[in-house]
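Student:
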Amino acid sequence: MAAITASQVKELRERTGLGMMECKKALTEANGDIEVAIDNLRKSSGLKAAKKAGRTAAEGVVVTRVAEDASYGVVVEINSETDFVARDDNFKGFADKVADAFFAAKSEDVAAVMAGELEDAREQLVQKIGENIGVRRCAVVEAPQGALVGEYVHGGRIGVLTVLQGANPEVAKDVAMHVAAINPAVARPEDMPQEQLDKEKAIILAQPDMAGKPAEIAEKMVGGRLKKYLAENSLTEQPFVKDPNESVAAFVKAAGGEVVSFIRFEVGEGIEKEEVDFAAEVMEQAGRR
1 MAAITASQVK ELRERTGLGM MECKKALTEA NGDIEVAIDN LRKSSGLKAA
51 KKAGRTAAEG VVVTRVAEDA SYGVVVEINS ETDFVARDDN FKGFADKVAD
101 AFFAAKSEDV AAVMAGELED AREQLVQKIG ENIGVRRCAV VEAPQGALVG
151 EYVHGGRIGV LTVLQGANPE VAKDVAMHVA AINPAVARPE DMPQEQLDKE
201 KAIILAQPDM AGKPAEIAEK MVGGRLKKYL AENSLTEQPF VKDPNESVAA
251 FVKAAGGEVV SFIRFEVGEG IEKEEVDFAA EVMEQAGRR
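Per the working numbering, numbering through the sequence shown is continuous, rising by one, with the last residue being 289.
1. At the level of alpha carbons, what is the spacing between G156 and E246?
2. Taking the beta carbon of T5 as the centre, do at least 16 other beta carbons fall within 10 Å, making it buried, or is it exposed?
3. Do you know offhand how far E22's Cα is from I271's?
4. Can a CB atom of chain B be found closer than 8 Å to the CB of R13?
5. Following the continuous beta strand (DSSP E) through D243, name the residue where it begins and the one where it ends.
6. Taking the alpha carbon of A105 as the reference point, which residue from E81, Y72, I133 has its own alpha carbon closest?
7. Classify T16 as buried or exposed, calling it buried when 16 or more other Cβ atoms lie within 10 Å of its own Cβ.
8. Can you grab the Cα-Cα spacing for the pair V126 / E119, in whole Å?
9. Could you spell out the range, first to last residue, of the beta strand (DSSP E) harbouring G257?
10. Out of A26, A143, E77, L230, which has the shortest C-alpha to C-alpha gap to V153?
11. According to the neighbour-count rule (16 or more other Cβ atoms, all chains shown, within 10 Å of its Cβ), is G150 buried or exposed?
12. For A58, tell me which candidate among S80, A37, D96 has the shortest Cα-Cα distance.
13. Cβ atoms of V75 and F265: under 8 Å apart, would you say?
14. From N90 to K173, what distance separates their C-alpha atoms?
15. Determine the extent of the alpha helix (DSSP H) in which S7 is found, giving its start and end residues.
16. Where does M177 land, buried or exposed, given buried means 16+ other C-beta within 10 angstroms?
17. Given that a residue counts as buried once 16 or more other Cβ atoms are within 10 Å of its Cβ, and exposed if not, what is V233?
18. Assuming the contact rule is C-beta atoms closer than 8 Å, P169 and L148 should be a hit. Round their C-beta distance to whole Å, please.
19. Going straight from the alpha carbon of K24 to that of K43, what length do you get?
20. Tell me, please, which residues DSSP counts as bridged to G316.
21. If contacts are defined as beta-carbon pairs under 8 Å, then G166 and G224 qualify, I think. What distance do you get, rounded to the angstrom?
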C-alpha cells in the first residue's frame, strides 16, 4: 500500500473542504489516488464535485490568433519553468513568433511547425535565459459556413476560442470570457460523453439518500440530478457571467446567434508539479561541500 503524504492530504482537504482525518482515511482506502478518493467520498458522504487540482508543473503563456474574417483561429501553449521567465520580453517575443507560425500554417503539428528556424530560436532562448522552454500544444478551430470564431485571453494564462453560428465578434468574445472564468466541461448537454454520465450516475446511486429507494423513484431522482449536473457543466445552460439572470444560450440567442463549440487552454493544466522543499535542498547542497 502506498504511503500517504502530508501534501496529498493537504491537496484533498483543499479540493473537498473536509477534515484532515477524513481525507487521510479516504486516501488510505484509495491507495493514495486522489481522484479515486474524491469519487469514494462523493459516494459515501454526498460530497459535491470537488475543486480541480490547482498546482501545475509548467509556467508560460497561452496565445491566440484569429483571422480578420473570423473564419478560423489558433490557440497555442508555450511553456517555461518559472513564471518569472514567462513575463520576460524575450520569452513573450518568442511566443508571439510561435503563435504567428501556427496561425500561418493552420496546423496543430508541433514538431512540423517548430522544425527549422523556430527550433533554432527556441534553443538560443534556452541558452540565453537558462531555463527549459517548449511548445506544448496547439489547437486550430475553423468556423463552419455562417459561423465565426471569437477569442479571449486572460492574463496570458488562459486562452479561449469560441465558435458561434451568427451573432458577432463581440458576443463571441463575451462567451469566450465566460468560458475562461467558469470553465464548463462541454458546450451543450448533448456533448457530454456517455462515459462521464455513467460515472456520475454511479456516484449518485451510491449516495446515502438513495439507499432503499424503489427502482422507479431512484430512477427519477437520478434523472433529476443528472439534469442538474448537465446544466451546471454545459456552457449553454450556465448563468451568463455578465448577467446571471440569463443563460449563455439566451444571451447568444438574443444577439441572433447560437453556440457551436469552444476550446480552452490553461497554462500547465494536467501537469503535476513536483513540490520542492527549498530549505532541505539548500541543506543538502551545503552538506555536499
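Every residue, glycine too, gets a C-beta built ideally from N, C-alpha and C.
This structure is a prediction, so every number in the text was calculated from the model and none was measured.
Tutor: In this structure, then:
1. 28 Å
2. exposed
3. 26 Å
4. No chain B appears in the structure shown, which is made up of a single protein chain.
5. In the DSSP assignment, D243 falls within the unbroken beta strand (DSSP E) covering 243–247.
6. Y72
7. Answer is buried; the Cβ neighbour count reaches 16.
8. 11 Å
9. 257–266
10. E77
11. buried
12. Looking at the Cα atoms, S80 is the closest of the given residues.
13. Inclusion of F265 and V75 in the CB contact set at 8 Å is warranted, their separation being smaller than that value.
14. 28 Å
15. Annotation for S7: the continuous alpha helix (DSSP H) segment containing it runs 6–16.
16. buried
17. Looking at the sequence shown, residue 233 is not Val but Asn. By the neighbour-count rule (16 or more Cβ atoms within 10 Å), N233 is buried.
18. 6 Å
19. 17 Å
20. Only positions 1 to 289 of the chain appear in this structure, which leaves residue 316 out of reach.
21. That belief does not hold up - the Cβ atoms of G166 and G224 are roughly 32 Å apart, past 8 Å.
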